[in-house]
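Here the sequence shown stands for residues -18 to -1, 1 to 703, numbered as in mature numbering (1 follows the signal peptide of the UniProt record, and there is no 0).
Step one of this worksheet: look at the structure below.
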Amino acid sequence: MGAFRWLSLAAAASSVLAITPEQLISAPRRSEAIPNPSGHIAVFSASQYSFESHESSAWWSLLDLRSGNITPLTNDSNVSEVIWLTDSTLLYINGTNAQIPGGVELWVSDVTHFSAGYKAASLPAAFSGLKAVTTESGDINYVAYASSYPNGTAYNAELAAPALSTARIYDSIYVRHWDYYLTTTFNAVFSGTLKRSQRSQYRSFGGLKNLVSPVKNAESPYPPFGGASDYDISADGQWVAYKSKAPDVPQANHTTAYIYLAPHDGSEIAFPINGPGSAPKGVEGDSNSPGFSPNSKTLAYFQMEDKSYESDRRVLYTYDIASKEITALATEWDRSPDSLKWTDDQTIIVSSEDSGSSNLFLIPIAEATGDFTPRKLTNGGAASAFYLLPNKSLLVTGTTQWTSWKVYIASLHTKLAAKTLVSANEIDPELAGLGPDDIEEFYYPGNWTDIHAWIVKPTGFDESKTYPLAFLIHGGPQGSWADSWSTRWNPKVFADQGYVVIAPNPTGSTGFGDELTDAIQNNWGGAPYDDLVKGWEYVRDNLDYVDTDHGVAAGASYGGFMINWIQGSDLGREFKALVTHDGTFVADAKISTEELWFMEHEFNGTFWSARDNYRRYDPSAPEQILKFSTPHLVIHNDLDYRLPVAEGLSLFNVLQERGVPSRFLSFPDENHWVTNPENSLVWHQQVLGWLNKYSGVGEEDEGAVGLGDTLVPVVDINPPV
Ligand SMILES: *[C@@H]1O[C@H](CO)[C@@H](O)[C@H](O)[C@H]1NC(C)=O
Ligand SMILES: *[C@@H]1O[C@H](CO)[C@@H](O)[C@H](O)[C@H]1NC(C)=O
Ligand SMILES: *[C@@H]1O[C@H](CO)[C@@H](O)[C@H](O)[C@H]1NC(C)=O
Ligand SMILES: *[C@@H]1O[C@H](CO)[C@@H](O)[C@H](O)[C@H]1NC(C)=O
Ligand SMILES: *[C@@H]1O[C@H](CO)[C@@H](O)[C@H](O)[C@H]1NC(C)=O
Ligand SMILES: *[C@@H]1O[C@H](CO)[C@@H](O)[C@H](O)[C@H]1NC(C)=O
Ligand SMILES: *[C@@H]1O[C@H](CO)[C@@H](O)[C@H](O)[C@H]1NC(C)=O
Ligand SMILES: *[C@@H]1O[C@H](CO)[C@@H](O)[C@H](O)[C@H]1NC(C)=O
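This is the structure in structure tokens:
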């Protein structure tokens, strides 16, 4: 009955905590700041969930780029995306359509009289990802994407006739991906034009052209995460480039993707610029992030070499539209950049994971040969969007571990310090008290190389006291704990329960160079496990304020696999409680996943040719199971098609039959992640409550979450003992 004690305690004020789960989930979430052409103001959106009304609200605001002052633009949540046409005019997507249910409209408004805008176009489906440019003739050429039928017609979910049977039939893989089953519709980029009429208003002209459907089996953007960065429109409005998985190779076991180029007017079928025979020899992997140079003559993009390794290093390429020549840039740079923007026709800025941060780097094309190393423009945090301003400084939107939104000006040509315009921890009451002081990093000797780890301390940290260890293990496995904000697995929310969080980046982690990332192949429970053991020992032996006797550990996805492996290994005996979120358990069950390239790369062969590799580190092996004894919370969601829910159920079955204190938590409407705010709150209550119960944290900290805090009833049909 111990658990119910927490109810009353948790009701007491939680003023000792800088951030609680409720505050994390209900703080405003803001978009990138998009500057107007003169660089004086920027526009951004925000949304916020309320645990009082149980509803979300959304609004748009303007940010003065000199003073940092914020003024409201509109509270109409129908406005879903905006683009500057002039210094004061916005083109935007209005999420309703007066004539077509399930459609949207394009509107034009002046920021000074925003509610007095007009409709410029009616689009027949749920289009998003608007990109637009003003052409020489004064027209607006735009692109946006929607789901499409194979015949090229946009698919409108609200108007589609319901199927009479729910059967699904497949003759080839994929069957399902991430959290949806494949159907005959797919994403496609459409192009359209707005012309200025006599009344000097823009009007739709000539209808929409589907630039993807003419290429059989092409799809763009690539789901589930692809969006507007999967395509681009040239500055002169004449060209569109998009990424599609290669239609000519089996898609479920290859990462291969090409960049397609098509005239905006759809007069010719798109062709792959780096398709078979065109790409540099041996370059066969994923391509992404096409971006045109300002003079519309060159296209930049990234491509990986390996055709089944999704975390292979991305290399920057340029493609000359006239000569069709492809050039590789900065080929020796030991980083894997992920987004790009041209600053002029000779210079590209890329962002890349970089030793626990995500920094911006400058690449002058003429210099980027041989072993050229790009010049770093930002230092720390995670830059998520950036724009070049007319005065040649950069407007950057980013996050850190201690702020969910930071807009700052970085210098391009000098070593001037960045100037912060606004930071969420200074304006959001939910984030008040957060700052860089509670975050530290260190390197320790790992299994074969030095390993990076973060230390995140609780608010009010006192070095003369001790705090139980919360050991967090990231997923991927090619991923990292980074200096960025997250509304899932936010280390500071764990720390503020009364822990010192240690978040290591062991073998397999990204941002520290290829060698570390690649070394996890065929080695899931080897070097990474030993890196974690050595990290734990380092903390025990060196950080006096960390109480490793009452430590707990948690992880998701690969981190969940690792927790399962730890449960059956010696390190498992060092923790008071464990949490696995959506992790693999039974070695042979890996074949039920959707992205087969992932397994075939990780285990270095197919399910039949390399079965020993798949089984090498099997948390469900009898000798592992016989050691299970640490209290274990198992979380697994029904819509997780990456690692199906049977993995969590199998683990829970074993823990229960072995008599290990355990609980199963599942969300029928969540995938590999938990994103619904009400579900996220229950997730946090259960995870933190479980850890707190066994670490004893809540006994001293009145603000800590208890296991009984949730309003969701617990099913327990065990006979009384
Ligand atoms: C460039 O413009 C931005 C936005 O107006 C301003 O905040 C910044 O201080 C300017 N930088 C320089 C070096 O003048
Ligand atoms: C939107 O709502 C907020 C809070 O209710 C208010 O302060 C703001 O003035 C409103 N903005 C507009 C443009 O109506
Ligand atoms: C969106 O537009 C519709 C139609 O004009 C309107 O009824 C609705 O109130 C709008 N929604 C918001 C949040 O303003
Ligand atoms: C959005 O479109 C609807 C339907 O045409 C219209 O009633 C509403 O005023 C528009 N709202 C905005 C903000 O453009
Ligand atoms: C395309 O296919 C859909 C679904 O079968 C159909 O509703 C639509 O009318 C077709 N469009 C054209 C132009 O034939
Ligand atoms: C992918 O599967 C096909 C059969 O569908 C097979 O021929 C091919 O070798 C596989 N590719 C890889 C990289 O395993
Ligand atoms: C590295 O880890 C492996 C797997 O756990 C282990 O067998 C090996 O002894 C470790 N090497 C060192 C130098 O610690
Ligand atoms: C993967 O398999 C290939 C060919 O069988 C072998 O040469 C290579 O060493 C293996 N890599 C790992 C990491 O096991």
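Note that the Cβ used here is the ideal one computed from N, Cα and C, for glycine as well.
Just so it is clear, the structure is predicted and the values come from calculations on it, not from any experiment.
If we count the other Cβ atoms within 10 Å of its Cβ and call it buried at 16 or more, is residue i buried or exposed?
i           : result
residue 690 : buried
residue 261 : buried
residue 161 : buried
residue 226 : buried
residue 51  : exposed
residue 277 : exposed
residue 141 : exposed
residue 505 : buried
residue 482 : buried
residue 119 : exposed
residue 358 : exposed
residue 390 : buried
residue 672 : buried
residue 562 : buried
residue 564 : buried
residue 294 : buried
residue 683 : buried
residue 523 : exposed
residue 123 : buried
residue 667 : buried
residue 89  : buried
residue 460 : buried
residue 388 : buried
residue 166 : exposed
residue 548 : buried
Following the continuous beta strand (DSSP E) through residue i, name the residue where it begins and the one where it ends.
i           : result
residue 387 : 385 to 393
residue 169 : 168 to 178
residue 593 : Per DSSP, residue 593 belongs to no beta strand (DSSP E); it is in the alpha helix (DSSP H), 593 to 597.
residue 192 : 184 to 192
residue 297 : 297 to 302
residue 513 : Where residue 513 is concerned, there is no enclosing beta strand (DSSP E), although the alpha helix (DSSP H) it sits in stretches over 509 to 524.
residue 37  : 37 to 46
residue 645 : 644 to 647
residue 23  : 23 to 32
residue 223 : 221 to 227
Starting from residue i and walking both ways along the alpha helix (DSSP H), at which residues does that stretch end?
i           : result
residue 636 : 628 to 639
residue 128 : Element bounds for residue 128: not the alpha helix (DSSP H) but the beta strand (DSSP E), 122 to 130.
residue 578 : 578 to 584
residue 5   : 3 to 8
residue 540 : 540 to 549
residue 684 : Careful: residue 684 lies outside any alpha helix (DSSP H) and carries neither H nor E.
residue 409 : 406 to 409
residue 477 : 473 to 477
Which class does residue i belong to by DSSP, given the choice of helix, strand or coil?
i           : result
residue 500 : helix
residue 676 : helix
residue 210 : helix
residue 608 : coil
residue 265 : coil
residue 456 : coil
residue 483 : strand
residue 67  : coil
residue 614 : strand
residue 274 : strand
residue 151 : coil
residue -18 : Unreliable placement is indicated for residue -18, whose pLDDT of 28 sits below 50; no coordinate value is reported for it.
residue 256 : coil
residue 251 : coil
How about residue i: is its C-beta nearer than 7 angstroms to some C-beta of chain B?
i           : result
residue 282 : Given the protein chain composition of this structure (a single chain), no chain B is represented.
In chain order, what residues place their C-beta within less than 6 angstroms of a heavy atom belonging to ligand 4?
Every residue whose beta carbon comes nearer than 6 angstroms to a heavy atom of ligand 4 appears here in chain order: 58, 60, 61, 76, 78, 80, 87, 89, 99 and 101.
Which runs of the alpha helix (DSSP H) at least 4 residues long sit entirely within the region 412 to 445? Give them in chain order.
Annotation note: the region 412 to 445 contains no uninterrupted alpha helix (DSSP H) run of length 4 or greater.
Identify every run of the alpha helix (DSSP H) within the region 77 to 116, keeping only runs that are complete inside it and at least 4 residues long; order them along the chain.
Listed in chain order, nothing qualifies, since the region 77 to 116 has no complete alpha helix (DSSP H) run of 4 or more residues.
Go through the residues and name those whose CB comes closer than 5 angstroms to any heavy atom of ligand 5, in chain order.
Working through the chain, the matches are 131, 133 and 135.
Quick check on the contact list: which residues have their beta carbon closer than 7 angstroms to a heavy atom of ligand 7?
Those residues, listed in chain order, are 429, 430, 508, 509, 511 and 512.
Report all residues for which the CB-ligand distance to some heavy atom of ligand 6 is below 7 angstroms; order them along the chain.
Residues with a Cβ closer than 7 angstroms to any heavy atom of ligand 6, in chain order: 232, 235, 236, 289, 290, 579, 582 and 588.
Considering only residues of the region 304 to 331, which uninterrupted alpha helix (DSSP H) runs meet the minimum length of 4 residues and lie entirely inside it, listed in chain order?
List check, alpha helix (DSSP H) in window: nothing returned.
Which residues have a Cβ closer than 6 angstroms to any heavy atom of ligand 8, listed in chain order?
The set of residues with any CB-heavy atom separation to ligand 8 below 6 angstroms comprises, in chain order, 503, 504 and 586.
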